[in-house]
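Colleague: Be aware that the sequence shown starts at 11, since it is given in the numbering used here, and climbs by one per residue.
We put the CB at the ideal spot given by N, CA and C, even for glycine.
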Amino acid sequence: AKLKKMKVLVEVCPPHSAMQKMMEMTFKKLDAQAVEITVCIAQGGNKNVIKTMTLDPAKLNQLRAAKSDEIAEFGQPGEPPFMTCNASNFVSLLTKIEKGKA
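If you want it as structure tokens, here you go:
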């Protein structure tokens with residue numbers, strides 16, 4: 011919900027959209043400028059990882075070059091998209107996370 015309010019997340023694609031309110035996403039910077047996104051479902055005191063996505067440097071450069079209103083799809087290669095995000099807002103969020111301001 012927080013990422014939607016920040017206008018970063020546009021949509022969680024079906025069939026996972028039904029669980030969107032229970033989702034938590036964590037972002038981790040990996041070597042070589044890659045970013046790992048882990049999506050968990052939180053129920054009670056339990057968290058279950060349902061998706062892990064890695065954004066490689068090429069994908070990050072594509073996001074940085076995107077127009078301000080461009081929508082980007084996220085998912086694993088060879089699979090349908092898991093979610094869509096506003097590319098420039100996503101890059102802004104990553105910048106804030108790197109600077110410790112998010």
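1. Can you give me the C-alpha to C-alpha distance between aspartate 66 and proline 25, rounded to a whole angstrom?
2. Straight-line CA distance for lysine 44 to glutamine 53?
3. Distance check for methionine 29 and glutamate 108, CA to CA, integer angstroms please.
4. Between the beta-carbon of isoleucine 81 and the beta-carbon of methionine 63, is there less than 8 Å?
5. By Cβ distance, which residues of its chain are closer than 7 Å to threonine 36, with the 5 residues on each side in sequence left out?
6. Start and end of the beta strand (DSSP E) containing lysine 15?
7. Within a Cβ cutoff of 8 Å, which residues of the same chain sit near lysine 31, ignoring the five residues on either side of it in sequence?
8. Tell me, which residues are paired with isoleucine 47 by DSSP?
9. Check the C-beta distance from alanine 76 over to serine 98 and give it rounded, since I have them as a contact under 8 Å.
10. From Cys50, Asn96, Gly88, Lys61, pick the residue whose C-alpha is nearest to that of leucine 70; which is it?
Modeller: For this structure:
1. Residue 66 sits at position 56 when you count from the first residue of the sequence shown. Residue 25 sits at position 15 when you count from the first residue of the sequence shown. Roughly 25 Å between the two C-alpha positions.
2. Locating residue 44 in the sequence shown gives position 34, counting from the first residue. Locating residue 53 in the sequence shown gives position 43, counting from the first residue. It should be pointed out that residue 44 corresponds to alanine in this sequence rather than to lysine. Approximately 29 Å between the Cα atoms of the pair.
3. Indexing the sequence shown from 1 puts residue 108 at position 98. Indexing the sequence shown from 1 puts residue 29 at position 19. Roughly 28 Å between the two C-alpha positions.
4. Here residue 81 refers to the residue found at position 71 of the sequence shown. Here residue 63 refers to the residue found at position 53 of the sequence shown. No, they are not a contact pair.
5. Locating residue 36 in the sequence shown gives position 26, counting from the first residue. The answer, listed in chain order, is Thr48.
6. The residue given as residue 15 occupies position 5 in the sequence shown. Taken as a continuous stretch (DSSP letters only), lysine 15 belongs to no beta strand (DSSP E), being part of the alpha helix (DSSP H) at 12 to 15.
7. The residue labelled residue 31 in the question sits at position 21 within the sequence shown. Excluding sequence neighbours, lysine 31 sits near Ala11.
8. If you number the sequence shown from 1, residue 47 lands on position 37. Per DSSP, the beta-bridge partners of isoleucine 47 are Phe37, Met63.
9. Within the sequence shown, residue 76 is the residue found at index 66, counting from 1. Within the sequence shown, residue 98 is the residue found at index 88, counting from 1. Correct: roughly 6 Å between the Cβ atoms.
10. Taking the first residue of the sequence shown as 1, we reach residue 70 at position 60. Looking at Cys50, Asn96, Gly88, Lys61, the one whose alpha-carbon comes closest to that of leucine 70 is Asn96.
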